[in-house]
Amino acid sequence: MLKGMNNFVYYNPTRIFFGKNTIIPNLKTLIPKKSNILVTYGGGSIFRNGVFDQVTKGLGEGGHKIFEYGGITPNPRYKHAMEAVDICRKKNIDFLLSVGGGSVLDLTKFISLSSKYEGNDPWDLIAKIGSPEVKVPKSVIPIGDVLTLPATGSEANCGFVVTRETPKGNIKIGARYESVFPKFSILDPETTYSLPWKQTVNGIVDAFVHCVEFYMNADDGHPLPDRYTEGVMETLIDASYRVKKNKKDYVARADIFWASTLALNGMSGCGIYEPDGVTHHIGHEITALTEADHGLTLACVLPGVWRHQFEYKKEKLAMFAERVWKIRSGNVEQKARKAIDCTIKWLNDIGMPTRLSACGKILPSNYRAMGEHAVGFWSKVMGTKGIGQKRNVGVKEIIEILELCDK
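This is the structure in C-alpha cells:
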C-alpha cells in the first residue's frame with residue numbers, strides 16, 4: 034500500500050568534489066592557510082598508489098604544519114583514536130584530513146569529537162549517547178577527506194562506528210553527531226583502481242545493504258524514495274559485474290563510488306518511517322567476535338534476516354524482485370523468495386560468501402551474548418524493547434536469525 038512521505042528534515046553541509054584529478058587543485062584551496070593539519074590514514078596503501086603524493090602536493094603551498102597518524106585498521110579501534118587525540122592536543126591541531134576508506138574517516142570523526150571532549154572517557158560519546166551526563170563538545174576540529182574506498186557513505190554523513198577492546202571481548206558500536214559532517218570530501222574514482230577485489234566487493238555490499246535497510250520497510254511504500262533507492266541498488270549490481278571484468282573501467286568505478294555515497298548520505302531515508310538496521314547490528318557483533326570483514330558479515334546475515342522477517346517484508350521483497358531483478362511471474366510470495374535467491378546468486382557471482390561459516394569461528398553458544406549486546410545497546414538508544422523496523426527483534430529473534438544464516 035502506497036503512503037505519503039512522512040515529515041522529515043534533511044541537512045547535509047558536506048561539499049563533494051567528484052571526478053578525475055580532483056585531489057591536488059582542491060586541497061590547495063579548501064583548508065585555511067597555515068593550518069596545523071593531522072593527516073590520518075590506514076595501512077599504507079596511499080603511499081603505494083600515489084594518493085599520498087597527490088595530497089602532499091595539494092597541501093604543499095599552504096604554509097601548513099603537517100603531522101601524520103597512520104595504521105588505522107578496518108573496524109577502527111578506540112585505542113588508536115586516543116593516540117591521535119593526544120597528538121591533536123599536544124600539537125594544537127586545527128584541521129583533520131582523512132585519507133583512505135570509511136574506517137579511517139569514521140575514526141577521524143571520533144578523533145575530532147574526542148579532542149574537544151572534557152569528560153573522563155570519550156567512549157561515553159558513543160556508549161552513552163543521548164545521556165544528560167555526557168557533555169557533547171560545542172565545537173570540534175573540522176574534517177575533510179580524500180576517500181579511496183567507496184563503501185560506508187561516511188564521506189557524506191555524520192555517523193561513525195568504533196571498536197573498543199575490553200577484557201570481556203570487543204565492542205563495536207556507533208553514533209551520529211552533526212558537528213562531524215566533513216567540510217568537504219574529494220572522490221576520485223581512479224584512486225580505486227588498485228583496490229584488491231575483496232575490498233571492492235566489501236564496499237559494494239556495505240553500500241547495497243545500506244540501501245535495503247531503508248528500502249525493505251515492512252509496511253511503507255513511498256514512490257520517490259523507493260525509486261531513488263532502486264536506482265542506486267541497480268547501479269551497484271550492474272557496475273559490480275562490469276568492474277569485475279575490468280578493474281580499470283572508469284565508468285563502473287565512478288558509478289560504484291557515487292552510488293555508495295548516495296546510499297547513506299541521508300537522501301534514501303527522507304520520508305521513510307524507519308530503517309531496519311538489524312543486518313548491520315548483527316554484522317557488528319560478528320565483526321567484534323571474529324574480526325571478519327564488515328561487508329562479509331552483512332552478506333552472510335542479510336538472507337537470514339529476510340527469511341526470518343519474511344511475513345513482514347514479502348510485499349517489499351516482491352516489489353524489489355519486479356523492479357530490480359525484473360521478475361514478472363509468480364505471486365507475491367514466489368516473487369519475494371526469488372528476490373532472496375537472486376540476491377544470493379549475485380553476491381556469490383561477485384565472490385562474496387553468504388553463509389555464516391565464512392565469517393570465522395562462531396559457535397551457537399555465542400548467539401545469546403551477541404543478541405543481548407545488540408538488542409541491549411540499540412534498544413536503549415532507540416528507547417524501545419526490540420530492534421528492527423517493527424521493533425519485533427529481540428534476543429530470541431537474533432538467535433533464530435543466526436541459525437538461519439547457514440542454511
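Each residue of the sequence shown is one higher than the one before, starting from 34 at the first, in the numbering used here.
All C-beta atoms in this analysis are idealised placements derived from N, C-alpha and C, irrespective of residue type, glycine included.
In chain order, V365, K368, A369 place their CB closer than 6 Å to the CB of A351, counting only its own chain and leaving out the 5 sequence neighbours on each side.
When the Cα atoms are used, T312 and P222 turn out to be separated by approximately 28 Å. Relative to the Cα of I431, the nearest Cα in the group G93, L335, Y248 belongs to L335.
If only complete runs of 4 or more residues are kept, the stretch 274 to 338 shows the alpha helix (DSSP H) at 283 to 296, 311 to 323, in order along the chain. For Y43, the number of other beta carbons within 10 angstroms of its own is below 16, and it is reported as exposed. DSSP places V195 within a strand segment (E or B) once states are collapsed to three. Listed in chain order, the non-local C-beta contacts of R48 below 6 Å within the same chain comprise F217, local neighbours out to five positions each way being set aside.
Per DSSP, reduced to three states, the secondary structure at K98 is strand.
An exposed status is given to K359, since fewer than 16 other beta-carbon atoms sit within 10 Å of its beta-carbon.
Around the C-beta of E151, fewer than 16 other C-beta atoms lie within 10 Å, and the residue is accordingly described as exposed. Rounded to the nearest whole angstrom, the C-alpha separation of G337 and V245 is 14 Å. By the neighbour-count definition (other C-beta atoms within 10 Å, threshold 16), T294 is a buried residue.
For a cut-off of 8 Å, the C-beta gap from E101 to V72 is around 5 Å, short enough to register as a contact.
Taking a 10 Å sphere around the C-beta of P107, we find 16 or more other C-beta atoms and assign the residue as buried.
The secondary-structure analysis by DSSP pairs N203 across a beta bridge with E198. Note that the stretch 165 to 172 does not touch the stretch 104 to 120; fewer than 3 beta-carbon pairs, one per stretch, sit closer than 8 Å. Annotation for R356: the continuous alpha helix (DSSP H) segment containing it runs 343 to 356. Where N39 is concerned, there is no enclosing alpha helix (DSSP H), because DSSP gives it neither an H nor an E.
Around G52, the same chain offers no residue with a beta carbon nearer than 6 Å, after the five sequence neighbours per side are excluded. By the Cβ-count criterion, F353 is buried, with 16 or more other Cβ atoms from all chains shown falling within 10 Å of its own Cβ. For R361 and Y306, the gap between their C-alpha atoms comes out near 28 Å.
Nearest neighbour of H317 by Cα position, chosen from K205, K161, I70, turns out to be K205. Boundaries cannot be given for L228, as no alpha helix (DSSP H) includes it and DSSP labels it neither H nor E.
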